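> Mapping to this note's numbering: the sequence shown position 178 is 214, numbers consecutive. Idealized CB from N, CA, C, for every residue including glycine. Owing to the predicted nature of the structure, the values given are computational and were not obtained by experimental measurement.
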Amino acid sequence: MTLIEHKGSQTIIVADAELPVTQRPLHVARAVFCYLGELWCYRELLLTLVGRDLKVRYRNSVLGVLWSLGNPLLMMAVFTIVFTVMTPSNIEKFPIFVLCGLLPWNFFSASVIGSIRSVVDNAPLIRKVYFPREVLPLSVVLSNLVNFLIALIVLFAFMLAFQMPITPSVLLLPVVIIVQVIFTSGVALILATVNVFYRDTQVIMEVAMLAWFFLTPIFYPIDILPRSYHLGGLTIDVWRWMYILNPMASLIATYRVILYGGGFGGAPPA
Numbered sequence: 037m038t039l040i041e042h043k044g045s046q047t048i049i050v051a052d053a054e055l056p057v058t059q060r061p062l063h064v065a066r067a068v069f070c071y072l073g074e075l076w077c078y079r080e081l082l083l084t085l086v087g088r089d090l091k092v093r094y095r096n097s098v099l100g101v102l103w104s105l106g107n108p109l110l111m112m113a114v115f116t117i118v119f120t121v122m123t124p125s126n127i128e129k130f131p132i133f134v135l136c137g138l139l140p141w142n143f144f145s146a147s148v149i150g151s152i153r154s155v156v157d158n159a160p161l162i163r164k165v166y167f168p169r170e171v172l173p174l175s176v177v178l179s180n181l182v183n184f185l186i187a188l189i190v191l192f193a194f195m196l197a198f199q200m201p202i203t204p205s206v207l208l209l210p211v212v213i214i215v216q217v218i219f220t221s222g223v224a225l226i227l228a229t230v231n232v233f234y235r236d237t238q239v240i241m242e243v244a245m246l247a248w249f250f251l252t253p254i255f256y257p258i259d260i261l262p263r264s265y266h267l268g269g270l271t272i273d274v275w276r277w278m279y280i281l282n283p284m285a286s287l288i289a290t291y292r293v294i295l296y297g298g299g300f301g302g303a304p305p306a
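1. Assuming contact is defined by CB atoms lying nearer than 8 Å, are Ser-145 and Val-177 in contact in what I supplied?
2. Within its chain, find whatever has a CB closer than 6 Å to the CB of Trp-141; leave out the 5 residues flanking it on each side and keep chain order.
3. Which partner residues of Thr-203 appear in the DSSP bridge assignment?
4. When the Cα of Arg-276 is compared with those of Ile-127, Gly-269, Ile-258 and Phe-249, which residue comes out closest?
5. Please state whether DSSP places Tyr-166 in a helix, a strand or coil.
6. Check whether the stretch 159-178 and the stretch 109-128 are in contact - that is, three or more C-beta pairs closer than 8 Å.
7. First and last residue of the alpha helix (DSSP H) that includes Asp-89?
8. Could you name the residues of the same chain whose beta carbon sits closer than 6 Å to that of Met-278, not counting the 5 residues immediately before and after it, in chain order?
9. Could you compute how far the alpha carbon of Phe-252 sits from the alpha carbon of Leu-139?
10. Can the beta-carbon of Ile-152 be found less than 8 Å from the beta-carbon of Gln-216?
11. Just to confirm the assignment: which complete beta strand (DSSP E) runs, minimum length 3, are found wholly within the stretch 120-160?
12. Going by DSSP in three states, Arg-235 sits in which element: helix, strand or coil?
13. Counting pairs of Cβ atoms below 8 Å between the stretch 72-79 and the stretch 153-171, do you hit three or more?
14. Just to confirm my understanding: we take Leu-209, look at its own chain, exclude 5 residues before and 5 after, and list those with CB closer than 6 Å. What are they?
15. Out of Val-155, Met-195 and Leu-181, state which residue places its alpha-carbon closest to the alpha-carbon of Leu-90.
16. Could you check whether the Cβ of Val-171 sits closer than 8 Å to any Cβ belonging to chain D?
17. Phe-194 to Ile-132, Cα distance in whole Å?
18. Quick one: what does DSSP say Thr-38 is sitting in, helix, strand or coil?
19. Would you please state the rounded distance, in angstroms, between the beta carbons of Tyr-296 and Cys-70? I believe it to be under 8 Å.
20. Comparing alpha-carbon positions, which option in Ile-280, Tyr-291, Ile-272 and Leu-267 lies nearest Ile-214?
21. Let's test the definition: count the other Cβ atoms within 10 Å of the Cβ of Phe-250 and tell me whether it reaches 16, buried, or not, exposed.
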């Protein structure tokens, strides 16, 4: 913090000093609110960019936004064939089980990968007009959120087709979605910033996302993993560390608790 002394009509900078510890939380909170306030002032630009992204993505497309369902439905079909026909599993209503994990993952993956180049690709716009640069990656996240919400409607249709009850816990779904949007936005903002300085970020993240996909219980229940692992004299709680080190594992498990009803393991209640 800069200390300033006023002498008559002159303003003299006396010294730089750190904020007292008791004042730092207030200082940080004030900065956060100012940052959010600036983003709110540019909300119309944000919505315009979201609309532009959706229009460009589905321009001259017969099915339009419905094409966003193609990838998860195709992957659901492949996983269902593999895990119910070729290598049968004991998971009931497997298509619903997979979709509960696949849809949140696709939202996260598409948002992160799509936002990495958002700042670099809009460099000409940035040079001409001032606006918060964070608007660019956030617009990618929100446009993918629209696709995710549409996909959730299809998931509910599948649940009705498989005669799965929609319980009152579904009221918690908006809370989980908000948490995922915040987490996804944070990752998107960080990587979009890193990519400005290191252009290999997108290539690295595409490979990392593939590994992350298989390390997340999307098409398999976490209970197929050993509950604990003994390494020398040390016992490692595999499940606990899976949820601590992999935020998407926790989010997908929560979606399954709400929609699939099977807890953090596998099968739904009888």
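Well, looking at it:
1. On the sequence shown, position 109 is the one that residue 145 refers to. On the sequence shown, position 141 is the one that residue 177 refers to. No, the pair does not count as a contact, with Cβ atoms beyond the cut-off.
2. Along the sequence shown, one-based indexing puts residue 141 at 105. Counting only Cβ-Cβ distances below 6 Å, and skipping sequence neighbours, we find Ile-254.
3. Counting from 1 along the sequence shown, the entry for residue 203 is found at position 167. Partner(s): none; Thr-203 has no beta bridge.
4. Taking the sequence shown and counting its residues from 1, one reaches residue 276 at position 240. Among Ile-127, Gly-269, Ile-258 and Phe-249, the Cα nearest to that of Arg-276 is on Ile-258.
5. For the purposes of this step, residue 166 is identified with residue 130 of the sequence shown, where counting begins at 1. In this structure, Tyr-166 counts as coil in the three-state DSSP scheme.
6. no
7. Locating residue 89 in the sequence shown gives position 53, counting from the first residue. It spans 79-93 - the alpha helix (DSSP H) in which Asp-89 sits, taken as one unbroken run.
8. For the purposes of this step, residue 278 is identified with residue 242 of the sequence shown, where counting begins at 1. Excluding residues within five positions, the ones whose Cβ falls inside 6 Å are Ala-285.
9. Taking the first residue of the sequence shown as position 1, residue 252 is located at position 216. Taking the first residue of the sequence shown as position 1, residue 139 is located at position 103. At residue 252 the sequence reads Thr, which differs from the Phe that was named. Approximately 13 Å, taken between the alpha carbons.
10. Working through the sequence shown from its first residue, we reach residue 152 at position 116. Working through the sequence shown from its first residue, we reach residue 216 at position 180. Cβ distance not < 8 Å, so Ile-152 and Gln-216 don't count as in contact.
11. none
12. By one-based count along the sequence shown, residue 235 stands at place 199. Residue state, collapsed to three classes: coil.
13. yes
14. As a working mapping, residue 209 is identified with position 173 in the sequence shown. Counting only Cβ-Cβ distances below 6 Å, and skipping sequence neighbours, we find Ile-294.
15. Numbered from 1 along the sequence shown, position 54 holds the residue referred to as residue 90. Of Val-155, Met-195 and Leu-181, the residue nearest in Cα terms is Leu-181.
16. Protein chains in the displayed structure number just one, and chain D is not present.
17. On the sequence shown, position 158 is the one that residue 194 refers to. On the sequence shown, position 96 is the one that residue 132 refers to. Phe-194 and Ile-132: Cα-Cα distance of roughly 7 Å.
18. For the purposes of this step, residue 38 is taken as residue 2 along the sequence shown, with counting starting at 1. The pLDDT assigned to Thr-38 is 45, lower than 50, so where the model puts this residue is not dependable; a value taken from the coordinates is nonetheless given after this. Note: Thr-38 maps to strand in three-state DSSP.
19. Stepping through the sequence shown from its first residue, residue 296 is reached at position 260. Stepping through the sequence shown from its first residue, residue 70 is reached at position 34. That belief does not hold up - the Cβ atoms of Tyr-296 and Cys-70 are roughly 41 Å apart, past 8 Å.
20. In the sequence shown, counting from the first residue as 1, residue 214 sits at position 178. Nearest option by C-alpha distance: Tyr-291.
21. The residue labelled residue 250 in the question sits at position 214 within the sequence shown. Exposed.
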